[in-house]
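Here the structure is laid out as structure tokens; the discussion comes afterwards.
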Amino acid sequence: MVFYKPNIQFLSDHSVDPDKRRYLLASEASKHYIDIDRYGKYPYKELPASYDSAVKKFSEDTIMTNGIVPWWVQTVQARLTNAFKEKNPAKILKLSAEIGHYVADAHVPLHANSNHDGQLTGQKGIHAFWESRIPELLSEKEFDFMIGKAAYISNISSFIWKRVLESGAEADTVLQNEAFLTSKFATDRKYAFEERNGKLVRQYSSGFTVGYNNTLKGMVERRMRTAITSTASLWYTAWINAGQPNLKNMQPLAFSEEDLKEFEILEAAWKYNNIKGRLHE
72 MVFYKPNIQF
82 LSDHSVDPDK
92 RRYLLASEAS
102 KHYIDIDRYG
112 KYPYKELPAS
122 YDSAVKKFSE
132 DTIMTNGIVP
142 WWVQTVQARL
152 TNAFKEKNPA
162 KILKLSAEIG
172 HYVADAHVPL
182 HANSNHDGQL
192 TGQKGIHAFW
202 ESRIPELLSE
212 KEFDFMIGKA
222 AYISNISSFI
232 WKRVLESGAE
242 ADTVLQNEAF
252 LTSKFATDRK
262 YAFEERNGKL
272 VRQYSSGFTV
282 GYNNTLKGMV
292 ERRMRTAITS
302 TASLWYTAWI
312 NAGQPNLKNM
322 QPLAFSEEDL
332 KEFEILEAAW
342 KYNNIKGRLH
352 E
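Here it is, written out as structure tokens:
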């Protein structure tokens with residue numbers, strides 16, 4: 072869409088705002104995940120797709136503890152649609168960046184599993200391994216992020232739940248493949264000291280990372296590509312549902328003092344606070 076390309080830097084910079092908010096508000100964490108395996112077995116028919124029905128059945132405390140990402144995506148999507156209706160470019164950009172983050176989280180298998188960092192199976196650190204280490208090492212040279220056109224989504228609820236179910240179904244593979252490969256690697260080959268931001272840090276070795284990615288048969292790249300397509304389609308759907316406002320004729324981008332203050336607070340919280348709520352990596 073013509074509106075987004077000139078503002079790509081803002082979208083990139085502020086796509087991490089939801090994570091920064093985790094350093095400010097304990098209630099933010101549950102918006103990034105859902106421990107869907109706590110609701111029985113795939114395809115989790117015991118869990119209503121409706122938030123109100125789920126709360127009525129399991130209690131709000133239980134639902135919040137187990138995570139609400141599929142419902143939160145729908146909430147942010149509704150807000151984005153309203154921002155398009157209001158023809159408010161600052162609000163559109165802010166919400167577009169944020170929904171991209173939540174949608175990306177919904178595409179990560181360990182964001183849909185209670186063993187979210189391998190803490191139950193002696194695999195601590197696997198969350199960041201899958202989500203960060205593999206893309207950092209391989210995406211630039213090996214991953215293809217060229218995707219097709221965005222498509223209109225007629226049922227947002229069904230769409231995001233399908234993505235979450237896909238993630239949950241792949242969580243066991245993420246965990247089992249790492250455990251299998253670990254059994255084949257000596258510790259001094261699994262980990263290595265490598266330079267990161269000018270410092271030597273202990274992390275998964277390049278050899279182990281490449282080997283693990285090979286066992287996953289393209290899963291990380293595939294989920295990242297799907298997340299990109301999903302985000303673009305949700306942006307497009309919000310615009311369509313808002314009546315297809317002419318984006319070229321919007322007022323120049325101008326953030327309110329409240330917006331600018333929020334950005335400052337989030338940045339300060341991220342730099343100086345400890346994370347609040349559940350750690351998921």
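Numbers given in our numbering equal positions in the sequence shown, counted from 1, plus 71. Think of the CB as a built atom: it goes at the ideal place given N, C-alpha and C, for glycine as much as any other residue.
- In the structure shown, PHE256 falls within a coil segment according to DSSP collapsed to helix, strand and coil.
- With contacts defined as CB atoms closer than 8 Å, SER167 and LEU271 fail to qualify as a contacting pair.
- In this structure the segment 228-245 touches the segment 99-111; the number of beta carbon pairs closer than 8 Å is three or more.
- In the structure shown, the three-state DSSP call for GLU328 is helix.
- A check of alpha carbon separations from SER229 across PRO114, PRO89, ALA325 identifies PRO114 as the nearest.
- In terms of Cβ geometry, ASP330 and ALA161 form a close pair [threshold 8 Å].
- Shown here, VAL235 sits in a helix according to DSSP, grouped into three states.
- By the Cβ neighbour-count rule, ARG260 is exposed, with fewer than 16 other Cβ atoms within 10 Å of its own.
- VAL140 sits in a helix when the DSSP states are folded into three classes.
- About 5 Å separates the beta carbons of GLY138 and SER101, which is inside the 8 Å limit, making them a contact pair.
- Taking C-alpha positions only, VAL144 is separated from VAL174 by approximately 7 Å.
- In this structure VAL140 touches ALA177 by the C-beta definition: roughly 5 Å separates them, less than 8 Å.
- The beta carbon of ARG150 is closer than 7 Å to those of LEU166 in its chain, skipping five residues each way along the sequence.
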